[in-house]
Amino acid sequence: MKIDLHSHSTASDGTDSPAALVLAAAHVGLDVLAITDHDTTAGWAEAQEAVRLLDRSLIVVPGMEMSCTGRGEGGRLVSVHLLAYLFEPHSPVFAEETVRLQSERIARMQKMTIMMAADGIPINPEEVMNSAQGVIGRPHLAAALVNAGVVDSVDEAFRGLLSADSRYVLPKRDTPLTVAVEMVRAAGGVPVLAHPKARSRGGVLDTEHIEEAVEAGLAGIEVDHMDHNADDRKALLDLAKGLNLIVTGSSDYHGSHKRVELGQYRTHPSQWEKIQEMATGVSVLESGYST
Ligand code: AMP
Ligand code: FE
Ligand code: FE
Ligand code: ZN
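Okay, so the sequence shown: first residue is 31 according to the numbering used here, each after it adds one.
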């Protein structure tokens, strides 16, 4: 079984439509794909329709990647991503918080693009805002910087103008990690900490804070991810063992906004099994095809 539990579509900062994402998953031979756009479930419906029409078996896991803040090493606030699987998206608290996160993103990106344009960087704030079909994020701005010839690649943009310590990258008021974990659990979902050791986001979480998140109901951590080196993976596996957490591995595919292939990192079937056992929110989306 080939299982990839983290991917993005045009509902947020990926470049494949939800339907194209489903087709790509079938094409690379995945058995299970989670669609986890940033702060939105808007891609679920199209993914469901696409999977229904497939001529092979595929399970699509409705999910989301929530923008959170957590306590980092040394006590400072760090940006953290929380993957949520199989939760009921219509619970009022949840729906309200995702709308709030989306407006934070819009307000922040408007300010960031206006600051850049005012400094003579040749991007058009309105065009950047309109380039997002769904929830906007820095990759949309990175693509505009590439198109304008300011940088040669999305990577170069993230190393410079769009890095965590750039003066153009403004903070947004994200959900406190433990609050988000509780919300996901209350909606019957399974919360998994995304790429906990990714360093490009201004610091990593304090281990004690991860333990607090576990007390709040955190179910798992993403271990195999392109932003983790061998030492990170080893440390995270040990942590997961100690805290009895589910361990996942995923591509975090963003289409042409990132250089990773769908299914490049994967989750063991036994761990996917545990996620399914814990979930009480919505069901997986399955193709009508059976062998
Ligand atoms: P934002 O959500 O606006 O804070 O932007 C963060 C997003 O940028 C995350 O979803 C990452 O996937 C993406 N990102 C971070 N670093 C890179 C990179 N080097 N190349 C492409 N995308 C990146
Ligand atoms: Fe992203
Ligand atoms: Fe992420
Ligand atoms: Zn992601």
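The beta-carbon is built from N, C-alpha and C at its ideal position, and this holds for glycine as well.
Here Tyr283 is actually not in contact with Ser87; their C-beta atoms are around 20 Å apart, not less than 8 Å.
About 11 Å separates the CB atoms of Val214 and Ala243; that is not less than 8 Å, and the two are not in contact. Of Val181, Tyr198 and His170, the smallest CA-CA separation from Ser286 is found for His170. Proximity of the beta carbon of Thr205 to ligand 4 is not indicated: no heavy atom of the ligand is located closer than 7 Å. Take Asp204, set aside five residues on each side of it, and the residues of its chain with a beta-carbon closer than 6 Å to its own are Ser97, Cys98 and Thr99, in chain order. Distance from the C-beta of Pro169 to the nearest heavy atom of ligand 2 is below 7 Å.
The criterion of a C-beta distance shorter than 8 Å is not satisfied by Leu315 and Pro221. Runs of alpha helix (DSSP H) with 4 or more residues, each lying fully within the region 203-274, are found at 207-216, 237-246 and 260-273, listed in chain order. Annotation for Ala224 indicates a beta carbon within 7 Å of some heavy atom of ligand 4. With a cutoff of 8 Å on beta-carbon distance, Ser230 and Phe188 are scored as near each other.
Leu51 carries a helical assignment under DSSP once its states are collapsed to helix, strand and coil. At least one heavy atom of ligand 4 lies closer than 7 Å to the C-beta of His36. The C-beta of Thr40 has 16 or more other C-beta atoms within 10 Å across all chains shown, which makes the residue buried. Note on the region 149-202: whole alpha helix (DSSP H) runs with a minimum of 4 residues are 155-161, 168-177 and 184-189, in chain order.
If you draw a straight line from the Cα of Ala137 to the Cα of Thr128, it is about 14 Å long. For Pro92, the number of other beta carbons within 10 angstroms of its own is at least 16, and it is reported as buried. Setting aside the 5 residues that flank it on each side, Gly293 is surrounded in the same chain by Lys32, Asp34, Val58, Leu60 and Ser281, each with a C-beta closer than 7 Å to its C-beta; the list follows chain order.
Under the three-state reduction of DSSP output, Val58 falls in the coil class, being neither helix nor strand.
In the structure shown, Gly104 falls within a helical segment according to DSSP collapsed to helix, strand and coil.
Those residues that bring their Cβ nearer than 5 Å to a heavy atom of ligand 4 are Glu95 and Asp282. At least 8 Å separates the beta-carbon of Val184 from that of Pro152. Under the 10 Å beta carbon count, Arg296 is surrounded by 16 or more other beta carbons and is classified as buried. The criterion of a C-beta distance shorter than 8 Å is not satisfied by Leu116 and Asp69.
Taking each of Leu207, Ser37 and Lys202 in turn and checking the Cα distance to Met139, the smallest one comes out for Lys202. Taking the Cα of Ser109 as reference, the smallest distance to any Cα among Asp236, Thr278, Ala270 and Arg289 is reached at Asp236.
Burial state of Ile144 is exposed, judged by a 10 Å Cβ sphere holding fewer than 16 other Cβ atoms. DSSP places Val91 in the strand class (E or B) of the three-state scheme.
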